[in-house]
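Numbering (our numbering), first residue to last: 336 to 398.
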């Protein structure tokens, strides 16, 4: 368990665990440093990118 939640912003996630970056990139989230990454939750970002949040959380939890 990584301690990452779907309510955290991408910026918070990357500060807490930089090892999540490749998982996000592989899922199609290529703008990890963009302003939206600092303000939207992982769940919101997944919705914008048409990514299944449950699958993404499983990949993150597998770290």
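Glycine included, C-beta positions come from ideal geometry on N, C-alpha and C.
Here the structure is a predicted model, which means the values were calculated and not measured.
| Query | Result |
| --- | --- |
| Local Cβ density within 10 Å of residue 380, reported as buried at 16 or more and exposed below that | buried |
| Residues bridged to residue 344 [DSSP beta-bridge criterion] | 376 |
| Under the three-state DSSP convention, the category residue 364 falls into | coil |
| Terminal residues of the alpha helix (DSSP H) in which residue 339 lies | Where residue 339 is concerned, there is no enclosing alpha helix (DSSP H), given that its DSSP letter is neither H nor E. |
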